[in-house]
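In the working numbering, the protein residues as written are 875 to 1248. Only one structure is covered here, and it is reproduced in the block below.
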Ligand SMILES: Nc1ncnc2c1ncn2[C@@H]1O[C@H](COP(=O)(O)OP(=O)(O)O)[C@@H](O)[C@H]1O
Ligand SMILES: [Mg+2]
């Protein structure tokens, strides 16, 4: 090296002070003996405060343990990855994410302490996290778009035959009405039975049309048609539609309802669709029978409706995926039930939550704001 470029103490000092990374040295007890300007910026403490301070002041218990482990590895000559990440507590109580490189501080052939170079990556990390979240939202939106197009075409295909079915039901009812009911008692009785069956068919077809309407609404993200709704009537309707399926599977249905429950402002059919989806999922989770509990209660300005089963439960890794369109673990599942239900509840200004234990059962809880009375 050219002699004129040999670094003097003064040159080193200058490099230290001008480095944009924080540099600090502490002795074996953790007492800081050197700290540059960037270290002041990073921690929020002044140079006077830093010198003589114990580094443990910067670290929470968890990261203190990590820092200790790293120092031990350095002393023993064990390998570890550098730089490593630490979270440091600033003077103002906030936390900085710092990428740190640590080395031994040796003088006179003796280990005297540790020297650290730390880069503040708080902003960078947050930005990455934001980008990741944004990308996820975008992917979700794209899926929903595709879902919207698919829904629109499926609904279109299904609505025509459904309308046809409704017309045939009515024609048949009329024929029975006109030709069978005034015949001898036995025939008339048969006619009445047929009319009752046809009424059930009509109601099932209407239910299907409502679902297709719901799917289309969801795809278009249109506003629900809201009015004051008595939650217990929604549960009544939902159970009338799918309760039988539960009984056939040896599932006991328990209703624990708050008789004082306030009405909610909602679209009755959409809410019914949500409850039906939850009940059907619960039934499917209990192929060998069990108990289905529907509970309602009020907590201040919120009405809570929960559907609880004693079924197979949901593995924790699946919980974040539940409301994603097309997520299903069933051979013939659509993976749309919860995605649509979630959309509906969100549009009602409510929230969805789920609690589950594998092998024990699952509880889905809907929270809706108490009705405003319009
Ligand atoms: N009550 C429940 N118990 C266990 N798993 C459930 C329950 N409800 C939903 N799931 C899980 O969530 C997935 C998505 O449900 P959903 O959106 O209704 O679609 P699908 O029922 O068509 O699969 C299901 O495939 C299942 O794995
Ligand atoms: Mg389902």
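C-beta: ideal position from N, C-alpha, C; glycine also.
Paired residues, beta bridge with residue i - DSSP
{"i": "residue 909", "result": "898"}
{"i": "residue 1164", "result": "1125"}
{"i": "residue 842", "result": "Only positions 875 to 1248 of the chain appear in the structure, and residue 842 is not among them; the question remains open."}
{"i": "residue 990", "result": "898 and 976"}
{"i": "residue 964", "result": "In the DSSP output, where bridge partners are listed per residue, residue 964 has none listed."}
{"i": "residue 1230", "result": "1236"}
{"i": "residue 1101", "result": "1140"}
{"i": "residue 917", "result": "DSSP output for residue 917 lists no bridge partner at all."}
{"i": "residue 1182", "result": "1167 and 1237"}
{"i": "residue 970", "result": "962"}
{"i": "residue 985", "result": "980"}
{"i": "residue 1225", "result": "1241"}
Assumed close pair residue i, residue j - CB separation to whole angstroms, cut-off 8 Å
{"i": "residue 1178", "j": "residue 1170", "result": "7 Å"}
{"i": "residue 1036", "j": "residue 1083", "result": "5 Å"}
{"i": "residue 1239", "j": "residue 1180", "result": "4 Å"}
{"i": "residue 1223", "j": "residue 1102", "result": "Between residue 1102 and residue 1223 the Cβ distance is about 15 Å, and since that is not below 8 Å, they are no contact."}
{"i": "residue 1150", "j": "residue 1116", "result": "6 Å"}
{"i": "residue 1148", "j": "residue 1215", "result": "4 Å"}
{"i": "residue 989", "j": "residue 899", "result": "4 Å"}
{"i": "residue 938", "j": "residue 978", "result": "The pair is not a contact, with the Cβ atoms about 19 Å apart (cut-off 8 Å)."}
{"i": "residue 1069", "j": "residue 1120", "result": "About 27 Å separates the two Cβ atoms, so there is no contact after all."}
Neighbourhood of residue i by C-beta, 6 Å cutoff - its chain only, sequence neighbours within 5 removed
{"i": "residue 1146", "result": "1108, 1111 and 1112"}
{"i": "residue 902", "result": "987"}
{"i": "residue 1104", "result": "1137"}
{"i": "residue 1219", "result": "1226 and 1240"}
{"i": "residue 865", "result": "The question about residue 865 has no answer here: the residues shown for the chain are numbered 875 through 1248."}
{"i": "residue 934", "result": "none"}
{"i": "residue 960", "result": "937, 972 and 974"}
{"i": "residue 985", "result": "978"}
{"i": "residue 1233", "result": "1187"}
{"i": "residue 1182", "result": "1167 and 1237"}
Beta-carbon proximity list for residue i, same chain, < 7 Å, skipping 5 on both sides
{"i": "residue 1185", "result": "1156, 1159, 1160, 1164, 1235 and 1236"}
{"i": "residue 911", "result": "891"}
{"i": "residue 932", "result": "917, 962 and 963"}
{"i": "residue 894", "result": "912"}
{"i": "residue 905", "result": "926 and 928"}
Distance, residue j Cα to residue i Cα
{"i": "residue 1125", "j": "residue 1025", "result": "32 Å"}
{"i": "residue 1046", "j": "residue 1054", "result": "11 Å"}
{"i": "residue 929", "j": "residue 1193", "result": "40 Å"}
{"i": "residue 943", "j": "residue 888", "result": "32 Å"}
{"i": "residue 1090", "j": "residue 1099", "result": "14 Å"}
{"i": "residue 1189", "j": "residue 1195", "result": "11 Å"}
{"i": "residue 1243", "j": "residue 1132", "result": "16 Å"}
{"i": "residue 953", "j": "residue 968", "result": "31 Å"}
{"i": "residue 1041", "j": "residue 1135", "result": "39 Å"}
{"i": "residue 1019", "j": "residue 1085", "result": "19 Å"}
{"i": "residue 1187", "j": "residue 1230", "result": "5 Å"}
{"i": "residue 914", "j": "residue 924", "result": "8 Å"}
{"i": "residue 1248", "j": "residue 1140", "result": "In this predicted model, residue 1248 has a pLDDT of only 48, less than 50, meaning its place in the structure is not dependable enough to derive any value."}
{"i": "residue 1258", "j": "residue 941", "result": "It is not possible to answer for residue 1258, since the shown part of the chain is limited to 875 through 1248."}
{"i": "residue 1044", "j": "residue 1065", "result": "14 Å"}
{"i": "residue 1023", "j": "residue 1029", "result": "10 Å"}
{"i": "residue 1257", "j": "residue 1010", "result": "This structure cannot settle anything about residue 1257, because the visible part of the chain is limited to 875 through 1248."}
{"i": "residue 1051", "j": "residue 1175", "result": "50 Å"}
{"i": "residue 1087", "j": "residue 1212", "result": "16 Å"}
{"i": "residue 1057", "j": "residue 1206", "result": "46 Å"}
{"i": "residue 956", "j": "residue 1168", "result": "54 Å"}
{"i": "residue 1162", "j": "residue 1075", "result": "29 Å"}
{"i": "residue 1143", "j": "residue 1080", "result": "11 Å"}
{"i": "residue 999", "j": "residue 966", "result": "20 Å"}
{"i": "residue 1048", "j": "residue 1063", "result": "16 Å"}
{"i": "residue 907", "j": "residue 876", "result": "32 Å"}
{"i": "residue 882", "j": "residue 922", "result": "24 Å"}
{"i": "residue 1059", "j": "residue 1067", "result": "12 Å"}
{"i": "residue 919", "j": "residue 909", "result": "10 Å"}
{"i": "residue 981", "j": "residue 1191", "result": "51 Å"}
{"i": "residue 1038", "j": "residue 1210", "result": "26 Å"}
Sequence-distant residues of its chain with Cβ nearer than 8 Å to residue i (five each side left out)
{"i": "residue 916", "result": "896, 962, 964, 970, 972, 992 and 994"}
{"i": "residue 1106", "result": "1131, 1135 and 1170"}
{"i": "residue 1204", "result": "1158"}
{"i": "residue 1033", "result": "1083 and 1086"}
{"i": "residue 945", "result": "976 and 988"}
{"i": "residue 1208", "result": "1200 and 1202"}
{"i": "residue 1061", "result": "1054"}
* Asked: For the stretch 967-974 against the stretch 982-996, are there 3 or more C-beta pairs whose distance is under 8 Å?
  -> Between the stretch 967-974 and the stretch 982-996 there are three or more inter-stretch CB-CB distances shorter than 8 Å, so the stretches are counted as touching.
* **Cβ contact (3+ pairs, closer than 8 Å) linking the stretch 1192-1204 and the stretch 1008-1024** => Cβ pair count under 8 Å is three or more, so yes.
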